[in-house]
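A.B. asks:
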Amino acid sequence: MAKWSQLGPDVAVRFISEYLDSEDKVAEALAGAAIVVAMRERTPFRKSLIERLPDLKLLVTTGMRNAAIDVAAATARGITVCGTEGVGRPTSELTWALILAATRRLETEMANMRAGRWQTTVGGDLHGRTLGLIGLGTQGSQVAAVGKAFGMQVIAWSRNLTAERCASLGVTQAPGLDALLGASDIVSVHLVLGERSRGLIGAAQLAAMKPGALLVNTARGPIVDEAALIAALRSGRISAALDVYDTEPLPADHPFRTLPNLTMTPHLGYVSAANYASHYGHAVEDIAAFLKDAPVRVIRP
């Protein structure tokens, strides 16, 4: 996905593809590295880990925001933190893949086709239904445009959403979160994870959703209370489609894996050829610039 050879013979590049599930394993794997490229928020770089990497000089993260990196701690130790740009579309495209798969029960029908069966379910419809977006930023606005193309009524809510933003996109502003949940046939989450959004959708909010509604989350797992969602899905009152989880990779024995009304993908929202080419191409640029003492795309505390 990038021309690592551009860094020249003095830079030895090593790829770590296995999942490192503890700080000890990460520290051992990265021992002696002067430069580290981290994929999104997959690996936490807390102060405790940073202090165990005395040779680290440059930490590059894919994307320009990474909540798993203690940028202040890195900066305090003289480590430069840089980011990369992305193409900005793959997550919204996957959102619609999940919506369509869940609505038309594609997972069941595809498995049944391979087993020799034919037409075993009746799918749902999108035209004329209400799509509720929690967040109307870059991703939410892209999802809104497709929803309108399907002939859906699109409504949106977030704490900072303005009437002007909604009007510019032809979207109706919901008066509150509960109002959006109660009116929507499909609810899709598009918020950044932070203190105000963590646990935003809990048991009370899930109970406010319409019976038979679909909850889609391609943002961050902890925005939705996991235990509350499991209980709601087990009750059969709603269904869900998820690309993100509290713990990633999702444990093999996780209850989510047993729920028939849950469509799942393994955090594929950002995983596309164009996005990877942008991320890793910029990572090479970041490293080359740093080696010339002219770092670019620096992330500051």
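Residue numbers for the sequence shown follow this note's numbering, so the first one is 1286 and each next one is one higher. Note that the Cβ used here is the ideal one computed from N, Cα and C, for glycine as well.
1. Pick from 1404, 1573, 1584 and 1533: whose alpha carbon is nearest that of residue 1303?
2. Which full runs of the alpha helix (DSSP H) of 4+ residues lie inside the segment 1409-1447, going along the chain?
3. Given this structure, state the Cα-to-Cα distance separating residue 1400 from residue 1391, to the nearest angstrom.
4. According to DSSP, which residues form a beta bridge with residue 1458?
5. Alpha carbon to alpha carbon, how far is residue 1527 from residue 1409? Give it in angstroms, no decimals.
6. How would you call residue 1412, buried or exposed, if buried means at least 16 neighbouring beta carbons within 10 angstroms?
7. Where does residue 1553 sit, in a helix, a strand or coil, going by DSSP?
8. Just verifying my parser: in three-state terms, what is the DSSP assignment at residue 1520?
9. Going by the DSSP bridge assignment, what does residue 1569 pair with across the sheet?
10. Out of 1514, 1369 and 1511, point me to the one whose CA is closest to residue 1569's CA.
11. What is the DSSP secondary structure of residue 1452, counted as helix, strand or coil?
12. Buried or exposed, going by whether 16 or more other CB atoms sit within 10 Å of the CB of residue 1395?
13. Quick test of the definition: if touching needs 3 or more C-beta pairs under 8 Å, does the segment 1560-1567 touch the segment 1369-1378?
14. Between which two residues does the beta strand (DSSP E) carrying residue 1320 extend?
15. Thinking C-beta only, is residue 1365 closer than 8 Å to residue 1343?
C.D. replies: Taking the structure as given:
1. 1533
2. 1423-1434
3. 14 Å
4. 1441
5. 18 Å
6. exposed
7. coil
8. helix
9. Paired residue(s): none; residue 1569 is not in a bridge.
10. 1369
11. helix
12. exposed
13. yes
14. 1320-1323
15. yes
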